[in-house]
């Protein structure tokens, strides 16, 4: 009689997952709570014996699952301590959701960009340009540009003038926020995303629906390339 349950390959923790878990355990051991600040990346890297890049990736993962908020100039600040004991599980649960989130974004936002090119008003174009200015200023100051990123996609959604698609975007808004943090946490990604946004904006400005759809599709493919899905990480 064949066994009803099969064995599954053992999943080895990635280095940044191990670092995230150790930071979480350190948070618990020291009784830290919401609003407390973690040591700087350089100090964490030295204590853990890993590179700053690995620590940065671990902090991004902790931000995605709601343990910390990383602010330019302030470092990583605890936003809550719930779930720190199962942080690796939470990170992996998030990683499993990403492909489905990307599929939904591609389907919705590619169409939204196309409609925006056909329906945008002068006011819509100004909102799009303002979002780009905000994102660029934040990146130039050393930030990730996440506020401008959110404003840009919101402006494109508004420019499409489709209430139903806009409501669908609201429904997946929290999931998009997770992927935004993960994507913009990749080295060099903020500037790449800003350049991609400008290509989308230019096509919308020119009223070229096909080009706007292609540019948005390429951008969504770009943001789907995240370290949390990279088996080599």
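Residue numbers (the UniProt record's numbering): 1 to 233.
Each residue gets a CB set at the ideal place from its N, CA and C atoms; glycine is no exception.
By alpha-carbon distance to residue 206, the top candidate from 120, 106, 131, 183 is 120. Put simply, of 149, 118, 71 the residue whose alpha carbon is nearest the alpha carbon of residue 220 is 149. For residue 76, DSSP records a beta bridge to 70. For residue 140, there are no CB contacts under 7 Å within the same chain when 5 residues up- and downstream are skipped. Here residue 52 carries a helix assignment [DSSP, helix/strand/coil]. Around the C-beta of residue 190, 16 or more other C-beta atoms lie within 10 Å, and the residue is accordingly described as buried. Across the structure, residue 112 and residue 154 are spaced so that their CA atoms are roughly 10 Å apart. Per DSSP, reduced to three states, the secondary structure at residue 14 is coil, with no helix or strand assignment. Considering only 24, 136, 208, 126, the residue with the shortest C-alpha distance to residue 90 is 24.
Contact check for residue 213 against residue 196 fails: the beta carbons are separated by 8 Å or more. Ranked by how close their Cα comes to the Cα of residue 59, the residues 200, 186, 30 have 186 in first place. Around the CB of residue 170, fewer than 16 other CB atoms lie within 10 Å, so the residue is classed as exposed. For residue 224, same chain residues with a beta-carbon under 6 Å away, outside a window of 5 residues either side, are 102 in chain order. Following the DSSP letters along the chain, one finds residue 65 in no alpha helix (DSSP H), marked with neither H nor E. In this model, residue 157 and residue 30 are separated by some 44 Å (Cα to Cα).
Sequence-distant partners of residue 20 (beyond 5 residues in either direction) whose C-beta falls short of 6 Å from its own C-beta, in its chain, are 58, 61, 62, 87.
Each residue's CA atom was taken as its position, placing residue 75 and residue 42 some 11 Å apart. For residue 37, the CB contacts under 8 Å within the same chain, skipping 5 residues up- and downstream, are 74, 75, 76, 77, 78 in chain order. Residue 37 carries a strand assignment under DSSP once its states are collapsed to helix, strand and coil.
Counting only the Cα atoms, residue 93 lies some 12 Å from residue 100.
DSSP places residue 90 in the helix class (H, G or I) of the three-state scheme.
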